[in-house]
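Below: the structure, in structure tokens.
Residue numbers (the working numbering), protein chains in the order written: chain A, 12 to 218; chain B, 13 to 821.
Here it is as structure tokens:
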């Protein structure tokens, strides 16, 4: 059994969303759907002092994340039909669309908001790790798209060796919920999981 | 066939299904060097949409104004693009140069097949600006357009014909309309651009032209201190091997401390907020003067450099005929000349909003750290005081002698550019008159009042006739990307002023609604096309058509050939060649000058040609020998005082606020002039300053109609929580931004990433207003709120110089 993982270098990411849109083109996703999401965290204040001078404690950073293909996926555990499943050989989590009834439990259960029900299609949709590309020796389309080289993908051993730590910055939940296969190199501004300063501030942009 | 082989071909065909079938699953795995150890993945099935019979790939290039020129790899089935990949590979390291497309390039399929795509020639059937059209034949379209062209030239002369500034198509053969007009007597020229009017105008006075270019970003890897004024390299040039990649690479590789001076904590700063020095917009010149004061007071200026390489720093380095007049930059800074105000850090602090102690500590770092790499974007110069703002930023490295040495820059934008490619010859324009491109609506409305003294008219003292015929090729600068859209609409919708507008585009953007005849264009990747560009690394893309032309779309070259035929100049225009013949012969000419370029066939096969070069250090030759390598300025040196600015603007008709009090010309030194609509000139009615910025969802207005990009990149007004709270505005609220020129509606982004008192609205959103009704622009185009008053010297667009009020809708 191989387990794959994503890597995110927060020191390089600029929040450009090329990963998200490259995925949307490759997977032919319409308005309202994205398998990869880019969160902006911003905290602190920028104010004028009594002299009219600008004083700022503002910090901010982006997090680009798709499905984390967790060791303990919340989505598969709640799926009533077994449609949402973790592949025994690759560890990639995907939807068997023939079995899915579109109940949305996976969407509600996932702490990373990865699966979503496409009502027009009648079933859940999510990142499948570009399984056919991986099979062909390529990486997921988002990874190869990144202009800033902030993403990577490989076996969990390869990815863990890159120096990041497991999904441990805000606005993500604590990694112990699902044991995600997502490793992050944090930027200087990154806040720890659970930090009051670590809230995502761009809900309008996140589909 | 390996992936690398596949990538290296200009066109190739491979079926995913046949690939797997022919090789067998495990064989395919081995061939691909895969890391999966079992074949069960294959039996899971290939997605239906991808399980094609035959898939072709072709290379193409993005052709919009961004210098990214991203490599686009079109995957095509049955003559339709199914997805758009780029130049990439799974094994690329951080240092491997790959011109990867940005999010917009990856969304091209949506534009290619947009319901707004223009498919047929059309003629206007409603009023100008209404956007109602009827399909006509190519014969009728060409006949109408050429007959009217001949009529206008016959009635008014060639000076009445104009090709407005446009940014939609860049390639080696992208200017066929100019060539056509030159064959039939010419057209009114323009100078400047909407990107760089102010900095392009002032730089030759300061540094001349040939040696004025900036250093590579890579050069800053050797710096100890990097100062970036008003630039977001990752946003302005997102894709390809340009500043997005170069900036990320620089930040990781350099040992320098980096400061980014901006009124926004822009996306290039994200994750690294310690680099942000927030500043009031339009005040960079005051900051430099305040830093200069500290450097002078603390004996940190490099007098040897200033006296050897510069004129105008102090009395000793002033031109002979301007000695004893207290007109040096030193006199300005120390309060012994001009406004007689000492430009102390305290003074600068009150204007810039940067605490005086911070200005002093920054000045200390600048004065004691080398190499120093000073860089500016083009935002600071796109202002009413932009000529002097950009000049000031150039003056900063001069003060400490950090120019022409390893790790330094001359304060201009970083070097960019690719292999030198020859372009389609457009001939010589017999018309000498030229206007600043920003003043074309004036030249439609009241041309005969425009002179060299009041409107920057060049080539003639004054214009004889207004613009009566325009060819708007791949442009959205008639309204959307021009300024004061409501005024532009009033001028353009009156077809007694400009009598005919020929519009050529792929989609119905706002400016196209003013066309009398519309011709449907092809993308450059639907044709043979070639282009070069680059940043730290240069590259060239040679593209083949991804599909056959659909509907009745034609290339611009074909359109012009049809017009030329009717005008009796077809043979002169084509020279007996097709466009592909031209591209090939132009390329052979380029190759004769650059032996490293591949043959045409090789270029087609590889699609993307990458050319490494050494990092460029700006003005290195001048620094090493300023006599032999004198600059093309009046003095041959760097000018911190310009006699030429004084003589050129002598007798000009200036408006209040265009210069320093007491001067009848524009300032001959890099002085701070308060903006007309700026931090010092807000009003009770419009108490907030408004600036624009480049947004990842668009390149100018290109892609502004693409739903999946708008979905992920909403049009927002950035507003500080202090300003939002006092107006009852919360994150995501619909707000109206208003000033004397108009009103826009968009969403609020309430964020500490913008300084208090300032609103930031990304430029390029598609104007969407009922022009016969309330004219509220629900698309949120900032140019509904920008002024048509030009900057004093360049007569350029000051599109970040605005004041406004914001209210909750």
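In this text, a Cβ means the ideal position worked out from N, Cα and C, and glycines have one as well.
Values in this document were obtained by computation on a predicted structure and should not be read as measured data.
Ordered along the chain, which non-local residues of its own chain (more than five positions away) have a Cβ less than 7 Å from that of residue 440(B)? Sequence-distant partners of residue 440(B) (beyond 5 residues in either direction) whose C-beta falls short of 7 Å from its own C-beta, in its chain, are 194.
Using the Cα positions of residue 7(A) and residue 126(A), report the straight-line distance between them to the nearest angstrom. Residue 7(A) is absent from the model: chain A starts at 12 and stops at 218.
Rounded to the nearest angstrom, what separates residue 213(A) and residue 73(A) at their Cα positions? One C-alpha to the other measures close to 10 Å.
Cutoff 8 Å: residue 720(B) Cβ touching any chain A Cβ: yes
Please name the residue or residues paired with residue 10(B) in a DSSP beta bridge. An answer regarding residue 10(B) cannot be provided, because it is not within the stretch 13 to 821 covered by chain B.
Taking a Cβ distance cut-off of 9 Å, strictly less, list which residues of the region 150-177 of chain A are near chain B, in chain order. 150, 152, 154, 155, 156, 157, 158, 159, 160, 161, 164, 165, 166, 169
Span separating the alpha-carbon of residue 723(B) from that of residue 218(A): 8 Å
Coarse secondary structure for residue 836(B), derived from DSSP in three states: Because chain B in this structure spans residues 13 to 821, residue 836(B) falls outside the shown range and cannot be described.
Give the residues of chain A in contact with residue 366(B), contact being defined as C-beta atoms less than 9 Å apart. Chain A residues near residue 366(B): 64, 65.
Return the chain-ordered ranges of every beta strand (DSSP E) run that is complete within the region 481-551 of chain B and spans a minimum of 3 residues. 481-485, 512-517, 529-532, 541-546
Specify whether the region 498-505 of chain B and the region 173-193 of chain B touch according to this definition: at least 3 beta carbon pairs, one from each stretch, less than 8 Å apart. Short answer: they don't touch.
Nearest-angstrom beta carbon gap, residue 711(B) and residue 278(B) [assumed within contact, 8 Å]: No, residue 278(B) and residue 711(B) are not in contact; Cβ-Cβ is about 16 Å, not under 8 Å.
Say whether chain A places a C-beta atom closer than 8 Å to the C-beta of residue 703(B). no
Between the region 183-215 of chain A and chain B, which residues of the former have a C-beta closer than 9 Å to a C-beta of the latter? Of all residues in the region 183-215 of chain A, 197, 198, 199, 200, 201, 212, 213, 214, 215 have a Cβ within less than 9 Å of some Cβ in chain B.
Using DSSP with H/G/I as helix, E/B as strand and the rest coil, what is residue 634(B)? helix
Where does residue 38(B) sit, in a helix, a strand or coil, going by DSSP? Caution is warranted here: a pLDDT of 35 is assigned to residue 38(B), below 50, making its placement in the model unreliable, and no coordinate value can be reported.
Residues in the same chain with beta-carbon distance under 8 Å from residue 572(B), minus the five sequence neighbours each way, listed in chain order, please. 188, 189, 191, 192, 585
In the structure shown, what three-state DSSP assignment does residue 709(B) receive? coil
Hey, residue 702(B) and residue 771(B) are a contact pair by Cβ (cut 8 Å); roughly how many whole angstroms apart? 5 Å
Roughly how many angstroms separate the alpha carbons of residue 517(B) and residue 594(B), rounded to a whole number? 22 Å
Who are residue 97(A)'s beta bridge partners in DSSP? 104(A)
Per-residue DSSP class, three states only, for residue 783(B): coil
Near-chain A residues of the region 428-450 of chain B - C-beta to any C-beta below 8 Å: none
When you compare the CB positions of residue 360(B) and residue 302(B), do they come within less than 8 Å of one another, or not? Yes, Cβ-Cβ distance for residue 360(B) and residue 302(B) is below 8 Å.
Through-space distance from residue 53(A) to residue 208(A), alpha-carbon basis: 7 Å
Residue 250(B): contacting residues in chain A (beta-carbon distance under 8 Å): 27, 29, 158
In chain order, what residues of the same chain have a beta carbon less than 6 Å from the beta carbon of residue 428(B), not counting five sequence neighbours either side? 79, 547
Would you report the Cα separation of residue 727(B) and residue 338(B), rounded to the nearest angstrom? 49 Å
Grouping DSSP H, G and I as helix and E and B as strand, with all else coil, what is residue 411(B)? helix
Pick out the complete alpha helix (DSSP H) segments inside the region 348-424 of chain B, 4 residues or longer, and give them in chain order. 357-364, 368-380, 398-411
Just checking: is the beta-carbon of residue 110(A) within a distance shorter than 8 Å of some beta-carbon in chain B? It does not; no Cβ of chain B falls within 8 Å.
What ranges does the beta strand (DSSP E) occupy inside the region 148-186 of chain A, keeping only unbroken runs of at least 3 residues that lie completely in it? As far as the region 148-186 of chain A is concerned, its whole beta strand (DSSP E) runs of at least 3 residues are 162-166.
What's the gap between the Cα of residue 159(A) and the Cα of residue 284(B)? 15 Å
Integer Cβ distance of residue 797(B) from residue 753(B), believed to fall under 8 Å: With 8 Å as the limit, residue 797(B) and residue 753(B) qualify as a contact, their Cβ atoms being about 6 Å apart.
Residue 220(A) to residue 119(B), Cα distance in whole Å? Residue 220(A) lies beyond the range of chain A shown here (12 to 218); nothing can be said about it.
What's the C-alpha gap between residue 422(B) and residue 280(B)? Taking the straight line joining both Cα atoms gives about 21 Å.
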